[in-house]
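Each remark here refers to the structure printed beneath this line.
Residue numbers (our numbering), protein chains in the order written: chain L, 27 to 414; chain V, 27 to 414.
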């Protein structure tokens with residue numbers, strides 16, 4: 027494995043009743059005034075908003091609200107949040123929602139403590155030196171944002187979607203109660219599964235030697251997601267399945283299964299360019315891209331795809347070449363995506379060839395992407411064309 | 027899974043060159059005077075002492091030393107350390123060694139900030155409210171103490187060996203360079219393997235429903251330990267194998283594979299009573315006890331032992347009963363212990379039946395032990411007798 031420094035300070039709460047018992051106590055460590063940040067209002071429809079407000083009121087915590095954080099959260103919303111925090115003297119941002127709300131909170135948190143345009147941090151022109159504390163109440167199993175320091179912001183003026191973060195943007199605490207995901211619509215549940223699975227794949231395809239435990243830990247998460255996916259889709263109020271999937275999403279991107287390995291992340295880079303232009307669901311874009319990326323990359327480097335076939339999908343390697351195993355593994359990946367009824371091609375989102383060139387260009391604007399196999403603009407273009 | 031709160035704030039460094047680059051920077055976050063705590067002097071023989079002293083001097087960090095921490099560290103040594111820290115105004119304890127030195131550091135750290143006898147915390151008569159910061163440089167892969175908040179202290183006056191800790195005793199940082207374990211003697215290497223494996227087993231045998239990912243994560247660590255054990259024993263300077271084993275030891279007891287499950291820990295409770303009287307190696311005691319505990323417990327609850335057989339040892343379950351599978355799994359556990367040439371019976375340490383009654387009595391002095399299956403004094407006695 028590579029030399030590494032790992033530190034993840036988030037206090038992670040799982041289970042029923044934790045919010046009621048510990049929310050106020052956790053907030054109080056940082057102050058008594060919060061920005062309550064949320065999305066399109068589903069938390070109001072399903073009672074979570076009322077529950078949180080009640081707890082804040084009982085705990086004598088003041089709050090101001092910013093609602094309407096978009097899926098693929100926008101820079102304009104981040105700016106609103108920064109202004110509000112500064113004007114109101116907020117001590118902590120309490121993000122209630124899915125990955126988009128949490129990612130937006132991280133951008134706001136850095137922006138409040140940053141003297142300049144926060145988007146510079148996402149454009150890699152600046153580095154955050156501090157951030158307002160963040161706490162989260164998760165309502166969607168997908169991004170892992172509840173226990174990591176990263177997030178993605180979309181700039182609609184420039185049609186850019188960029189990831190960023192800092193050691194200061196780990197949530198101080200996160201509350202994960204699977205009951206809060208019971209009302210997640212079927213398509214969002216499916217996209218969430220695609221997203222957490224994509225995080226596992228990004229880790230799994232790494233160029234690092236000697237990481238046998240990491241390989242197994244990642245396989246453990248992939249297998250558990252695949253085993254439970256159908257169940258949460260068919261039985262949205264199955265607590266056990268919802269909790270298992272939620273826990274997989276946290277573990278897929280909190281750094282614990284990927285210490286000392288350098289994940290690939292080319293698919294995320296490509297997908298961000300697609301959804302920056304078309305505003306499609308991130309998980310859907312990833313599900314479309316991965317099999318095509320796998321086809322492309324496995325031609326030259328089939329080894330890890332063969333591992334996937336054997337250790338995740340249980341394919342018997344006897345008498346098969348590495349390439350054969352890789353092909354069978356990738357077919358299993360496709361089969362799983364088909365089984366959860368996620369789009370298979372860009373055309374399913376009415377995306378044609380009109381912007382492929384531009385997306386390929388933008389994907390590599392900070393340099394070649396991918397660690398397992400480096401991709402240049404032309405490679406990206408071929409993968410996107412295959413995905414049409 | 028059970029509701030849980032997980033937080034592990036330790037900054038974990040793995041790999042070559044990390045100490046040289048980051049030790050001083052990490053210490054400086056807490057002050058400029060350290061207690062350098064170490065054991066029998068092997069760090070002097072193998073050059074690590076000189077390297078650390080050089081770094082401290084270059085970094086203008088003052089230090090005082092306490093050497094001679096025992097395997098199974100003693101309360102008397104803890105008291106010495108507390109006095110020294112108080113007299114000298116130490117800001118951080120830098121523990122250089124294996125689990126014993128690290129555990130001793132934790133006791134000292136709590137003692138410095140505790141108004142009273144620190145042993146009360148281990149006797150569960152008091153709770154730590156604060157602790158001096160701790161940093162560690164690990165030289166033995168075994169206990170996982172480098173990334174958890176617990177430790178074990180032996181009181182020779184009362185022949186008690188008790189575990190304790192607090193949220194304040196997570197090391198602030200830990201440096202794990204596998205090269206520092208190249209010189210670990212063969213028997214210590216073997217005992218270390220037994221210890222980390224025991225931590226996995228303690229987690230694996232839990233009564234908690236619905237923890238499929240946790241089960242797989244634990245199995246991942248067990249399999250990786252078993253695969254690499256022979257290699258580190260036979261090739262003590264094999265960097266890859268030493269690193270993999272070291273990483274397994276950290277992951278086996280940093281809480282990451284056991285969130286939301288309630289480990290058994292009966293074997294640790296029993297072993298502590300044996301080594302409190304006989305001062306045998308902790309890992310050796312555990313290796314003796316586990317198969318006998320497994321025999322005893324699996325008669326009533328064979329399910330998890332059958333899981334172990336199938337998912338860790340790859341036994342084909344076709345046509346076999348749960349009990350049959352359990353028995354085959356336990357035989358594999360025995361086989362592994364035999365393969366690494368660890369003692370199989372208490373008699374191998376010249377332990378007879380003279381103190382069994384007392385050890386059984388002491389094991390359960392805080393109540394019945396074990397979570398997968400509760401054990402009373404009589405149960406413990408039967409297991410100890412089987413292990414004679």
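Glycine included, every Cβ here is placed at the ideal spot set by N, Cα and C.
Check                                                                                                                                                                                          : Outcome
Between the Cα of residue 169/V and the Cα atoms of 120/V, 124/V, 393/V, 93/V, which residue gives the shortest distance?                                                                      : 124/V
Our contact map puts residue 415/L next to residue 313/L with C-beta atoms below 8 Å; I'd like the distance itself, whole angstroms only.                                                      : The shown model of chain L, from 27 to 414, leaves out residue 415/L, and the question about it has no answer.
CB residue 4/L to CB residue 321/L, shorter than 8 Å?                                                                                                                                          : Beyond the ends of chain L as shown, which are 27 and 414, falls residue 4/L; an answer cannot be given.
Our contact map puts residue 128/L next to residue 92/L with C-beta atoms below 8 Å; I'd like the distance itself, whole angstroms only.                                                       : Residue 128/L to residue 92/L, Cβ: 13 Å. No contact.
Which two residues bound the contiguous beta strand (DSSP E) that contains residue 186/V?                                                                                                      : 186-191
From residue 83/V to residue 59/V, what does the alpha carbon distance come to, in whole angstroms?                                                                                            : 11 Å
Are the region 174-194 of chain L and the region 153-165 of chain L in contact at 8 Å, needing three or more beta carbon pairs?                                                                : yes
Could you tell me the boundaries of the alpha helix (DSSP H) in which residue 236/V lies?                                                                                                      : Run containing residue 236/V: none; DSSP gives neither H nor E here.
I need the DSSP call for residue 89/L, collapsed to helix, strand or coil.                                                                                                                     : strand
Using a Cβ-Cβ distance under 8 Å, would residue 449/V count as near chain L?                                                                                                                   : Lying outside 27 to 414, the shown extent of chain V, residue 449/V is not represented and no answer is given.
Any beta carbon from chain V within less than 8 Å of residue 38/L's own beta carbon?                                                                                                           : yes
Pick from 386/V, 261/V, 38/V: whose alpha carbon is nearest that of residue 405/V?                                                                                                             : 386/V
Taking the CB atoms as reference points, tell me whether residue 28/V and residue 270/L lie closer together than 8 Å.                                                                          : no
What residues in the region 246-259 of chain V have a beta carbon less than 8 Å from any beta carbon of chain L?                                                                               : 246, 247, 249, 250, 253, 254
Reducing DSSP to helix, strand and coil, say where residue 407/V ends up.                                                                                                                      : helix
Hey, would you say residue 415/L sits closer than 8 Å to residue 352/L, going by beta carbons?                                                                                                 : With chain L covering only 27 through 414, there is no way to say anything about residue 415/L.
Taking contact to mean 3 or more Cβ pairs, one atom from each stretch, closer than 8 Å, check whether the region 98-109 of chain V and the region 173-185 of chain V are in contact.           : yes
Could you run through the region 208-242 of chain L and flag, in chain order, every residue whose CB is less than 7 Å away from some CB of chain V?                                            : 236, 238, 239, 242
Compute the Euclidean distance between the alpha carbons of residue 50/L and residue 71/V, then round it to the nearest angstrom.                                                              : 53 Å
Below 8 Å on the Cβ atoms is my contact criterion, and I expect residue 279/L with residue 381/L to pass it. Report the Cβ-Cβ distance as a whole number of Å.                                 : The pair is not a contact, with the Cβ atoms about 28 Å apart (cut-off 8 Å).
Between which two residues does the alpha helix (DSSP H) carrying residue 271/L extend?                                                                                                        : 265-278
Using 8 Å as the threshold, is the C-beta distance between residue 119/L and residue 144/L below it?                                                                                           : no
State the Cα-Cα distance for the pair residue 365/V and residue 212/V, rounded to the nearest angstrom.                                                                                        : 14 Å
Could you give the first and the last residue of the continuous beta strand (DSSP E) run that contains residue 22/L?                                                                           : Past the boundaries of the shown model lies residue 22/L; chain L is included only from 27 to 414, so the question cannot be answered.
Applying the criterion that 16 or more other CB atoms from any shown protein chain within 10 Å of the CB defines a buried residue, is residue 44/V buried or exposed?                          : buried
Please list, in chain order, all residues of the same chain as residue 223/L whose beta carbon is under 6 Å from its beta carbon, the five residues on each side excluded.                     : 251
Which residues of chain V have a Cβ atom closer than 8 Å to the Cβ of residue 33/L, listed in chain order?                                                                                     : 35, 36, 37, 38
Please work out which residues of its chain come closer than 6 Å, Cβ to Cβ, to residue 131/V, disregarding the five sequence neighbours upstream and downstream, and give them in chain order. : 63, 119, 121, 160
Of all Cβ atoms in chain V, is any one closer than 8 Å to the Cβ of residue 44/L?                                                                                                              : yes
Evaluate residue 249/L with the Cβ neighbour count: other Cβ atoms within 10 Å of its Cβ, from every protein chain shown; 16 or more gives buried, anything less gives exposed.                : buried
So, using beta-carbon positions, are residue 272/V and residue 207/V closer together than 8 Å?                                                                                                 : yes
For the region 267-296 of chain L, which residues have a CB atom closer than 8 Å to at least one CB atom of chain V, in sequence order?                                                        : 269, 270, 273, 274, 277, 282, 285, 286
Over the uninterrupted alpha helix (DSSP H) stretch that includes residue 350/V, give me the two end residues.                                                                                 : 348-365
Reducing DSSP to helix, strand and coil, say where residue 330/V ends up.                                                                                                                      : helix
So, is the C-beta of residue 27/V closer than 8 Å to a C-beta in chain L?                                                                                                                      : yes
In or out: residue 325/V buried (at least 16 other Cβ within 10 Å) or exposed?                                                                                                                 : exposed
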